[in-house]
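Student: Here you go, one structure.
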Amino acid sequence: MKAAFYEKLEGYKAIKIGDLPKPQINENEVLVNVKAFSLNHLDIWVMNGMYPMEIKLPHIFGSDASGIVVEVGKNVKNIKVGDEVIVYSGLSCGYCEKCLSGKDNECKEFRPLGTIDDGVSAEYVKVPAINVFKKPEGLTFEEGASIGITYITMRHSLITRGKIEQGDTVLIHGGASGVGTAGIQIAKLYNAKIITTVGDDWKIPKLKEMGADYVINYKKQDFVKEVKEITNGEGCDIVIDHIGAESFSKSLSCAKKGGRVITFGTTTGAEVNINLRYIFGKNLTIHGVYMGTKSEFSKLLKLFPDKLRPVIDSVYPLEQVQKAYEKMLSRQFFGKIVVKVE
Numbered sequence: 000m001k002a003a004f005y006e007k008l009e010g011y012k013a014i015k016i017g018d019l020p021k022p023q024i025n026e027n028e029v030l031v032n033v034k035a036f037s038l039n040h041l042d043i044w045v046m047n048g049m050y051p052m053e054i055k056l057p058h059i060f061g062s063d064a065s066g067i068v069v070e071v072g073k074n075v076k077n078i079k080v081g082d083e084v085i086v087y088s089g090l091s092c093g094y095c096e097k098c099l100s101g102k103d104n105e106c107k108e109f110r111p112l113g114t115i116d117d118g119v120s121a122e123y124v125k126v127p128a129i130n131v132f133k134k135p136e137g138l139t140f141e142e143g144a145s146i147g148i149t150y151i152t153m154r155h156s157l158i159t160r161g162k163i164e165q166g167d168t169v170l171i172h173g174g175a176s177g178v179g180t181a182g183i184q185i186a187k188l189y190n191a192k193i194i195t196t197v198g199d200d201w202k203i204p205k206l207k208e209m210g211a212d213y214v215i216n217y218k219k220q221d222f223v224k225e226v227k228e229i230t231n232g233e234g235c236d237i238v239i240d241h242i243g244a245e246s247f248s249k250s251l252s253c254a255k256k257g258g259r260v261i262t263f264g265t266t267t268g269a270e271v272n273i274n275l276r277y278i279f280g281k282n283l284t285i286h287g288v289y290m291g292t293k294s295e296f297s298k299l300l301k302l303f304p305d306k307l308r309p310v311i312d313s314v315y316p317l318e319q320v321q322k323a324y325e326k327m328l329s330r331q332f333f334g335k336i337v338v339k340v341e
């Protein structure tokens, strides 16, 4: 089968296009003919050898995909050949206490597809049948491939952990990113007042069109000062920080007393200096989020395409996957970057 893969952990420039063996499924798995997959910063960390577990080479990368089921194991009942599906990338053991209680993202073996397991950057991918969901009608394969990590992470952050309520004030950093656009859409379902940050002025009108109430260019403005002015010195009910070292300590200053701060990304680094007084002095709650659960993903999909819809920046052919990653790293994009597999 045609695949994009790498034989060395030397970043996206080491990606090759070639033929690799077609995966063989077991009785509980399905084989999906991948039509499209989307990019995540997680891919870059894995390519650069930053993932904490051993990766067998050559490695097929990527976590989020959509396609058509072409083969099912003998024990599979929920999916049939010909179904158009979305692959949920959160893999877990399926039988531990956490998995059986519906907290599969806390399983000791939980990891995203495409990290230690071969991922979706190929014509075919094998996954457990419980990780495959029917693609909502009205969505393209490109849109289906753009839901995965971004939307489930934001759903878990805002709803499960953040306990968002009607009319809350929410700060979402990096509003023009895939996860940022997903968060804005979800927060708007709760009539939230949304504040977001960007690094380029051209993204501001696009975010306001999406429903962001305030957009701050952090390169030109002090976002802490701006947030305080917008909220009359009170701060935000929920702060979503997926940027990391560059912004996290300042993000604590943006939360109101009793507020919730959620972190799930380290795009600008993982080491931060924190003033603990911001935490106990304001009675803050800090949540770490690692994707979400299959149950949450199932509920999430019911909102597409009527209430939620992925924002796609650009679509590349598989042969230009390196250019796709170059664009992601340039930060000159709005929404998700997708690769078509043909």
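Residue numbering for the sequence shown follows numbering that gives the first Met the number 0, beginning at 0 and increasing consecutively. Just so you know, even glycine gets a beta-carbon here, dropped at the ideal spot from N, CA and C.
What three-state label does DSSP hand I285 in the structure shown?
Tutor: It is a strand residue.
Student: Thinking V214 and G179 are a contact (beta carbons under 8 Å), I'd like their distance in whole angstroms, please.
Tutor: Incorrect: roughly 11 Å between the Cβ atoms, too far for contact.
Student: Whole angstroms is fine: what's the gap from S91's alpha carbon to C106's?
Tutor: If you take the alpha carbons of S91 and C106, they lie about 6 Å apart.
Student: Under 8 Å: do the segment 66-83 and the segment 41-49 share three or more Cβ pairs, one atom per stretch?
Tutor: No: fewer than three Cβ pairs fall under 8 Å.
Student: Does the beta-carbon of K15, which I'm using as the reference point, lie nearer than 7 Å to any heavy atom of the ligand ZN?
Tutor: For the structure depicted, the ligand ZN is absent and the ligand set is empty, with no information on it obtainable.
Student: Here's a check: name, in chain order, each residue in its chain whose Cβ is nearer than 7 Å to the Cβ of H58, leaving out the five neighbours to either side.
Tutor: So the qualifying residues of the chain are F4, Y5 and D117.
Student: Is it the case that the Cβ atoms of G268 and H40 are separated by a distance below 8 Å?
Tutor: No, Cβ-Cβ distance for G268 and H40 is not below 8 Å.
Student: Label K219 either buried or exposed according to how many other C-beta atoms from any shown protein chain fall within 10 Å of its C-beta, with 16 as the threshold for buried.
Tutor: With fewer than 16 other Cβ atoms within 10 Å, it is exposed.
Student: What span of residues does the beta strand (DSSP E) with R259 cover, start to end?
Tutor: Start and end: A254 to T262.
Student: Thinking just about the alpha-carbon of each residue, which of K187, S62, L19 and V338 is nearest to the one in I158?
Tutor: Taking only the C-alpha atoms, the option nearest I158 is K187.
Student: So, do the segment 313-325 and the segment 285-292 have three or more beta carbon pairs nearer to each other than 8 Å?
Tutor: With a cut-off of 8 Å, the segment 285-292 and the segment 313-325 do not count as touching, because too few Cβ pairs lie within range.
Student: For L138, which three-state DSSP category applies?
Tutor: Coil.
Student: Distance, Cα to Cα, D200 vs Y217?
Tutor: Spanning the two alpha carbons is a distance of roughly 10 Å.
Student: What's the C-alpha gap between Y324 and Q165?
Tutor: Between Y324 and Q165, the C-alpha separation is close to 37 Å.
Student: Going by beta carbon distance, what residues of the same chain come within less than 6 Å of F140, once the five residues before and after it are set aside?
Tutor: Cβ within range, chain order: K34, A35 and S65.
Student: Below 8 Å between beta carbons: does that hold for A254 and V271?
Tutor: No. Outside cutoff.
Student: Do N104 and G93 come within 8 Å of each other at the CB atom, strictly closer than that value?
Tutor: Not a contact, by the Cβ cut-off of 8 Å.
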